[in-house]
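Novice: Numbering (the working numbering), first residue to last: 522 to 1134.
A virtual CB, placed ideally from N, CA and C, is assigned to each residue, including glycine.
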Amino acid sequence: MRKILAVLISLLIISACAAAPKWVSNPRSVLDYEEYIIGIGSGGSYQEALSNAQVVLAQQISVKVESVLELNSSSIETQGKEYYSESIQKSNKLTVDQMMKGLTVARQDQEKQTYWVMVTLNKTLMLNSLRGELDKLYSSAEGLYDDGMAFSTQGKVITAIKSLTEAQAILPEFYAKKAFYDNFAPNPYPINGDLTISSLESGIRSILTAIMFETVSGDKQTAKNGSQLPEPVVFKVIYRAKSGDRIPMTGFPVKISYGDNTLIEKGQTDNMGMFRTNVIAIPQSGTRGKVIIRSDAFMLPAYMMKNAEQSVGEAFFTTSETEAITCQLLIKDEKGNRLSKVESSIAKSMVSNNVNVSTVSPLIMKGTVYMVESKIVEGIGKPKHLAKVRVDLEFGVEQTKEILGTISGNGQGMSETNQKDAISRAYDNISINNRELAQMLNSAADKIAAALARVPQKQEKAEPTPQIVKEVPTSTEPEVKTKDKHWFTSEDRLYTSEEFTVRTYKLWARVGKFLSESGSGFNVRAQIMDHEKQVNLAAEYYYKTIPAEINNIKQNDLVFVFHTNKAPENEKQAKTQQWEMVRVTDAKELLNGRVYVSSNEWAPLEAIRVMVK
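(1) Would the stretch 937 to 952 count as touching the stretch 893 to 912 if we require 3 or more Cβ pairs under 8 Å?
(2) Could you tell me how far apart the beta carbons of VAL1082 and VAL1103 are, in whole angstroms, since I believe they sit closer than 8 Å?
(3) Where does TYR1026 land, buried or exposed, given buried means 16+ other C-beta within 10 angstroms?
(4) Given LEU1126, which residues of its chain have a CB within under 6 Å of its CB, disregarding the five upstream and five downstream residues?
(5) Looking at the unbroken alpha helix (DSSP H) that takes in PHE672, where does it start and where does it end?
(6) With H, G and I counted as helix, E and B as strand and the rest as coil, what does DSSP make of ALA541?
(7) Exposed or buried, what is GLU722 when buried is set at 16 or more other beta-carbons lying within 10 Å of its beta-carbon?
(8) Straight-line CA distance for GLN933 to ASP1107?
(9) May I ask you to report which of helix, strand or coil DSSP gives VAL872?
(10) Leaving aside the five residues before and after GLU915 along the sequence, list all residues of the same chain whose C-beta is less than 6 Å from its C-beta, in chain order.
(11) Can you tell me where the alpha helix (DSSP H) holding GLN631 begins and where it ends?
(12) Would you report the Cα separation of LYS614 and MET620, rounded to the nearest angstrom?
(13) Please specify which runs of the beta strand (DSSP E), each continuous and at least 3 residues long, are wholly inside the stretch 790 to 840, giving them in chain order.
(14) So, ILE759 versus MET770, is the Cβ gap smaller than 8 Å?
(15) Can you give me the C-alpha to C-alpha distance between PRO753 and LYS741, rounded to a whole angstrom?
(16) So, at 7 Å on beta carbons, what are the nonlocal neighbours of THR1003 in its own chain, with the 5 sequence-adjacent residues on each side left out?
(17) Mapping DSSP to helix, strand and coil, what is ARG695?
(18) Is DSSP giving GLN1076 helix, strand or coil here?
(19) Could I get the ranges of all uninterrupted alpha helix (DSSP H) runs contained in the stretch 1019 to 1057, with 4 residues as the minimum, in chain order?
(20) Going by beta carbon distance, what residues of the same chain come within less than 6 Å of ASP942, once the five residues before and after it are set aside?
(21) If you draw a straight line from the C-alpha of LEU1111 to the C-alpha of SER870, how long is it?
(22) Relative to the C-alpha of GLU844, which residue among GLY747, ASP1013 and PRO542 is closest?
(23) In angstroms, rounded to a whole number, what distance separates the CA positions of PRO883 and ASP967?
(24) Do you know offhand how far SER738's Cα is from LEU1028's?
(25) Check each candidate in VAL898, VAL893, ILE885 and VAL551 and name the one with the smallest Cα separation from LYS922.
(26) Taking all protein chains shown into account, do 16 or more other C-beta atoms lie within 10 angstroms of the C-beta of ASP1013, making it buried, or fewer, making it exposed?
(27) Taking all protein chains shown into account, do 16 or more other C-beta atoms lie within 10 angstroms of the C-beta of ILE951, making it buried, or fewer, making it exposed?
(28) Just how far apart, CA to CA, sit TYR1062 and ALA836?
(29) For VAL576, which of ALA541, THR641, GLN634 and GLN629 has the nearest alpha-carbon?
(30) Can you tell me which of ASN1121, HIS1084 and GLU1092 puts its alpha carbon nearest to the alpha carbon of ASP1005?
(31) Identify whether GLN1099 lies in helix, strand or coil by the three-state DSSP scheme.
(32) Count the CB pairs spanning the stretch 710 to 717 and the stretch 800 to 816 that are closer than 8 Å, and state whether there are at least three.
(33) Take GLU981 and list the residues in its own chain whose beta-carbon comes closer than 7 Å to its own, dropping the five residues that flank it on each side.
(34) How would you call ARG1130, buried or exposed, if buried means at least 16 neighbouring beta carbons within 10 angstroms?
(35) Can you look up LYS909 in the DSSP assignment and give me helix, strand or coil?
(36) Do the stretch 658 to 671 and the stretch 621 to 630 meet, that is, are 3 or more Cβ pairs less than 8 Å apart?
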């Protein structure tokens, strides 16, 4: 440290270009090095010299986060180390600022036009103050840790996690101050209790992994698409105590969602640990769908949330086949300009609910897109343009002007370029809630049927407009012999050996020719001829797909990526080599032609296929 001080003093002397007082070159003549931390600065004014001296002293007492040896533990995962490092770094700066309040001006002189100032910090007083603070911080954190572990043995999970996360919030400040103390004290600050970063994380994880979700009733139901399942789905939340007891979790916050993570509802379990939910049958894959229950109880750091989300409960359902209906689609902005991109996004949701777009249907979905917010937001890096929009839709009978239902959707876009680009991105991101759309269509089912029955058969089967067909290929079926850009025909299917669940990151899929289908409900199987092996086999999980485009893929979609992460080069590659079934986890680069998937890589759209009914 003396070498560092000498270098800093030398630099200041050179930069001052004036003769310095004798005490500058020999601070020991004024103060004892062992007792004080010293900073010397010069400048054209007293205030400038004082500021420079404070900088020199602050540089000496700053401590690197890497010196916190606890972070080197192999039991702490990389993201956990990043979390603590960032938190300790913030506390480090606050501690420096706090310590600087205790400095004093020991000497000041003026030589011609140059001012010289010496500031000091008494190490003994600083260490005594730090030790008192460390004692309080550790005592508080340890008490919370002990309480948390005790609550966990009693099955008081929410209280236990709350105590442990409060202890976790104290540790960054504790380790920042400990690093200062250890840097200047003869001996490191001793930790005599059981609490460490590792033990705290282990305690939190042991509680999270002991939470179980069980499906009590309502599994494997069948209902008409868009209608409510015949019975409520009932889940139970259990905590497995170390004693082996199964303790019902009363008043436990949960969230219920579909298999594609669309939220159904949030709530709390009853006094038996039960939670009942009425579910609208909206399939996520063909005619199949599922309902998932997760914890919604904890405010954990992002890197630990995955531990809380690993435990889930699931219930499955199927939808019965219903006849497709047709509907016109017309969406404009506030100035009356037609928005074809927004129509394409809305059309995709309609197709997933068995509604095809047609220019001659007696039914019409009309909407207007409104600007909700447009501003510049500051943040890390360049300022960004933010745009938020809302679309209000009316569904009804065109001839009679009768309104059968209304629904709204939202979109948000950000751009570093300009506001126009942000608005365009907001339009691209407009979406409506499939559950609400299905409910609206189901509630108006009789009037929809009556309106369609009044139209001649020829009109009922009219093709969608070319514009919609082009942007939403899911609304039409290619001819059997027509090959898309991946050389697939309408007979080709991708199939997997197991189902993609919330715990799955990647599944291998093969390509085969669809031959026939048998069974019903949850026992549907298809006969597939594998293109590579040229053998017939029965497949339970099989998917019809089309090439991905910007307007038919979004975040959370399950998709198939060719195993080279590039488009297949020929038909043989496309049909005899494997595809990866993954989930889209980040779609912010969609306009640049790629998405991030659950196999932890960016995938180009040219190498992706998406599911269709």
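Specialist: Working from what's here:
(1) yes
(2) Indexing the sequence shown from 1 puts residue 1082 at position 561. Indexing the sequence shown from 1 puts residue 1103 at position 582. Their Cβ separation, rounded to whole angstroms, is 6 Å, which keeps VAL1082 and VAL1103 in contact under 8 Å.
(3) The sequence position of residue 1026 within the sequence shown is 505, counting from 1. By the Cβ neighbour-count rule, TYR1026 is exposed, with fewer than 16 other Cβ atoms within 10 Å of its own.
(4) Counting from 1 along the sequence shown, the entry for residue 1126 is found at position 605. Only ALA1069 and GLY1114 meet the Cβ criterion.
(5) Position 151 of the sequence shown, counted from the start, is the residue given in the question as residue 672. Residues 644 to 674.
(6) As a working note, residue 541 is residue 20 in the sequence shown. ALA541 falls in the coil class under three-state DSSP.
(7) Within the sequence shown, residue 722 is the residue found at index 201, counting from 1. GLU722 should be labelled buried.
(8) What you label residue 933 is simply residue 412 of the sequence shown in a count that begins at 1. What you label residue 1107 is simply residue 586 of the sequence shown in a count that begins at 1. Taking the straight line joining both Cα atoms gives about 15 Å.
(9) Here residue 872 refers to the residue found at position 351 when the sequence shown is read from its first residue. Helix, per DSSP.
(10) Taking the sequence shown and counting its residues from 1, one reaches residue 915 at position 394. Excluding residues within five positions, the ones whose Cβ falls inside 6 Å are LYS887, ILE924 and THR927.
(11) Position 110 of the sequence shown, counted from the start, is the residue given in the question as residue 631. Where GLN631 is concerned, there is no enclosing alpha helix (DSSP H), although the beta strand (DSSP E) it sits in stretches over 625 to 632.
(12) Looking up residue 614 in the sequence shown gives position 93. Looking up residue 620 in the sequence shown gives position 99. Rounded to whole angstroms, LYS614 and MET620 show a C-alpha spacing of 10 Å.
(13) 795 to 798 and 809 to 816
(14) Within the sequence shown, the letter at position 238 stands for residue 759. Within the sequence shown, the letter at position 249 stands for residue 770. Annotated as proximal: ILE759 and MET770, with beta-carbon spacing under 8 Å.
(15) The residue you call residue 753 lines up with position 232 of the sequence shown. The residue you call residue 741 lines up with position 220 of the sequence shown. Computed Cα separation, rounded: 12 Å.
(16) Looking up residue 1003 in the sequence shown gives position 482. Correct list, in chain order: THR1010.
(17) In the sequence shown, the residue the question calls residue 695 occupies position 174. One detail in the question is off: residue 695 reads as Phe in this sequence, not Arg. PHE695 falls in the helix class under three-state DSSP.
(18) Mapped onto the sequence shown, residue 1076 falls at position 555. Residue state, collapsed to three classes: coil.
(19) Those alpha helix (DSSP H) runs which fall completely within the stretch 1019 to 1057 and span 4+ residues do not exist here.
(20) As a first step, residue 942 is located in the sequence shown; it is residue number 421 there, counting from the start. SER936, listed in sequence order.
(21) Residue numbering aside, residue 1111 sits at position 590 when the sequence shown is read from its first letter. Residue numbering aside, residue 870 sits at position 349 when the sequence shown is read from its first letter. Between LEU1111 and SER870, the C-alpha separation is close to 18 Å.
(22) As a working note, residue 844 is residue 323 in the sequence shown. Relative to the Cα of GLU844, the nearest Cα in the group GLY747, ASP1013 and PRO542 belongs to GLY747.
(23) For this step, residue 883 is matched to residue 362 along the sequence shown. For this step, residue 967 is matched to residue 446 along the sequence shown. About 14 Å.
(24) Within the sequence shown, numbered from 1, the residue matching residue 738 stands at position 217. Within the sequence shown, numbered from 1, the residue matching residue 1028 stands at position 507. Computed Cα separation, rounded: 29 Å.
(25) Numbered from its first residue, the sequence shown carries residue 922 at position 401. Of the listed residues, the one whose Cα sits closest to LYS922 is ILE885.
(26) Looking up residue 1013 in the sequence shown gives position 492. By the 10 Å Cβ count, ASP1013 comes out buried.
(27) Within the sequence shown, the letter at position 430 stands for residue 951. Buried is the call here.
(28) Position 541 of the sequence shown, counted from the first residue, corresponds to residue 1062. Position 315 of the sequence shown, counted from the first residue, corresponds to residue 836. So the alpha carbons of these two residues sit roughly 17 Å apart.
(29) Indexing the sequence shown from 1 puts residue 576 at position 55. Answer by Cα proximity: THR641.
(30) As a working mapping, residue 1005 is identified with position 484 in the sequence shown. For the residues ASN1121, HIS1084 and GLU1092, the minimum Cα distance to ASP1005 belongs to GLU1092.
(31) Sequence index remark: in the sequence shown, residue 1099 carries index 578 (1-based). In the structure shown, GLN1099 sits in coil (DSSP, three-state: anything other than H, G, I, E or B).
(32) no
(33) Against the sequence shown, residue 981 aligns to sequence position 460. Bear in mind that a pLDDT of 39 at GLU981, under 50, signals an unreliable position, so the model cannot answer this.
(34) By 1-based counting over the sequence shown, the position of residue 1130 is 609. Buried is the call here.
(35) Here residue 909 refers to the residue found at position 388 when the sequence shown is read from its first residue. The answer is strand: DSSP assigns LYS909 an E or B state.
(36) no
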